[in-house]
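Encoded as structure tokens, the structure appears first; notes follow it.
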Amino acid sequence: VTETTTATPQLGGPAGEPEAAAPRKLIKELEVMVAEVVVETHDAATLVLFTGNDRLRYEPGHFLTIDPHQFEALERFTDYFEEVKGRREPARAYSLASAPHERYLAITVKEERYQRGVTRYPPLLSPLLVKRTTRGMRLQVVGFTGPYVLPARVEDRTDHLVHLVAGSGAVPNFSILKHALRDHPRLRHTFVYSNKTRRDVIFAEPLRELARAYPDRLRVVHTLTRETSPSPAQRGRAGEGAPSGVPELRYGRITPALLRELIPDPTACLVYACGPGIGPWEKLAARERGEAPQPRFLEAAMAALRELGVPRDRIKRESYG
Ligand SMILES: Cc1cc2nc3c(=O)[nH]c(=O)nc-3n(C[C@H](O)[C@H](O)[C@H](O)COP(=O)(O)OP(=O)(O)OC[C@H]3O[C@@H](n4cnc5c(N)ncnc54)[C@H](O)[C@@H]3O)c2cc1C
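Written out as structure tokens, the structure is:
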């Protein structure tokens with residue numbers, strides 16, 4: 044492992060501002076080896092990273108960054124994008140899917156897609172990480188940092204952590220969940236996970252196992268936005284009343300009504316919300332069209348939490364926009 048101490052990496056926004064307000068602190072550049080590639084879904088993979096024998100210090104919720112310039116296979120795309128976008132391609136951030144007590148470091152990446160008429164450029168790095176990374180490959184990563192972490196003495200603040208996540212937004216919460224179930228025995232968790240369809244759900248099996256292992260402390264609720272329930276009468280309610288220890292299934296988007304049911308203690312819980320939000324490029328594109336940007340998962344979740352009366356200082360959010 045090569046370790047070099049550097050400052051917080053710069054992530055990309057149109058004005059070069061970091062996408063996540065990472066605190067400035069000293070972090071390390073590491074050379075890691077891909078020990079395993081776990082295919083999670085049709086468009087997501089977990090890269091298990093071998094870092095040598097050192098115990099790495101990070102907090103659940105932290106991310107690392109990967110600079111696309113290190114990949115020869117991307118050279119022509121990086122050069123071309125830098126020419127047409129008129130700026131250097133920044134390092135991309137990936138939350139750690141692993142928890143500090145686990146032996147290996149892991150990240151889970153979901154492949155971004157190019158959508159004609161919607162996205163301006165094809166995505167650069169995520170397709171390579173998900174579809175072209177093999178065991179034994181070496182990567183330079185910079186880590187670990189990020190503000191999306193548990194507060195000190197979390198059990199003094201709450202006994203209920205609500206995870207409100209969508210797509211790859213489940214990654215940092217999965218790390219926080221594994222850590223907290225083990226190290227904060229007084230915390231209960233409600234893990235509400237939104238995806239388009241069943242086949243998009245990342246960590247379905249480990250979440251099921253955790254729900255089985257901690258039936259009194261973990262409730263997992265999957266919400267599927269583009270699947271319909273077997274019978275219209277069950278719409279939005281399927282899986283309700285499932286025995287504890289079994290993940291529940293609901294249909295439709297996360298609504299204030301659903302959150303009201305799942306969060307009986309809106310002024311006492313702590314909420315960790317992570318997923319797609321309006322990003323700098325959506326803001327820019329909307330401004331060019333003279334429109335307000337369309338709310339995405341995070342904006343909808345924040346509005347629902349506001350309606351429920353969850354105070355702002357009880358909500359942490361991380362946007363993957
Ligand atoms: C703190 C944090 C943690 C994250 N953790 C994870 C994680 O755990 N797992 C995960 O899968 N993802 C995570 N992400 C998202 C990740 O960092 C990348 O954004 C994602 O993988 C896409 O990168 P890409 O290189 O494939 O796509 P990009 O090349 O960055 O493209 C993404 C989109 O931006 C648009 N775009 C890019 N440049 C421009 C431009 N100049 N003008 C207009 N539009 C542009 C593209 O058209 C495309 O639609 C995280 C993000 C943050 C901020």
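Read in order, the letters of the sequence shown are residues 44 to 364 in the numbering used here.
For every residue, glycine included, the Cβ atom is placed at its ideal position computed from N, Cα and C.
- Residue 138 sits in a strand when the DSSP states are folded into three classes.
- Per DSSP, residue 72 lies in no alpha helix (DSSP H) segment; the continuous beta strand (DSSP E) that holds it begins and ends at 70-84.
- No Cβ-Cβ contact shorter than 9 Å links residue 169 with residue 208.
- Put simply, the backbone Cα of residue 293 is about 43 Å away from that of residue 125.
- The Cβ atoms of residue 188 and residue 112 do not sit closer than 9 Å to each other.
- It is roughly 19 Å from the alpha-carbon of residue 260 to the alpha-carbon of residue 194.
- The criterion of a C-beta distance shorter than 9 Å is satisfied by residue 357 and residue 314.
- Approximately 24 Å separates the beta-carbon atoms of residue 205 and residue 149; this is outside 8 Å, ruling out the contact.
- At the C-beta level, residue 306 and residue 353 come within 9 Å of one another.
- The C-alpha of residue 181 is placed about 19 Å away from the C-alpha of residue 87.
- Relative to the non-hydrogen atoms of ligand 1, the Cβ of residue 322 comes within a distance shorter than 8 Å of at least one.
- Your pair residue 364 and residue 322 checks out as a contact, with CB atoms roughly 3 Å apart and the cut at 8 Å.
- For residue 121, the enclosing alpha helix (DSSP H) has its first and last residue at 118-128.
- Distance from the C-beta of residue 128 to the nearest heavy atom of ligand 1 is below 8 Å.
- Per DSSP, the beta-bridge partners of residue 265 are 236, 292.
- Set against 8 Å, the gap from the CB of residue 150 to the closest heavy atom of ligand 1 is smaller.
- Between residue 272 and residue 215, the C-beta gap is not smaller than 9 Å, which leaves the two residues out of contact.
- According to the DSSP assignment, residue 93 belongs to the beta strand (DSSP E) that extends over 87-93.
- Taking a contact to require three or more Cβ pairs closer than 8 Å, the segment 221-233 and the segment 249-268 qualify as touching.
- Residue environment analysis places residue 103 among the buried positions, since at least 16 neighbouring C-beta atoms fall within 10 angstroms of its C-beta.
- For residue 363, the distance from the CB to the nearest heavy atom of ligand 1 is below 8 Å.
- About 6 Å separates the beta carbons of residue 117 and residue 171, which is inside the 8 Å limit, making them a contact pair.
- With a cutoff of 8 Å, residue 136 counts as near ligand 1, since its C-beta is closer than that to a heavy atom of the ligand.
- A heavy atom of ligand 1 is found nearer than 8 Å to the CB of residue 140.
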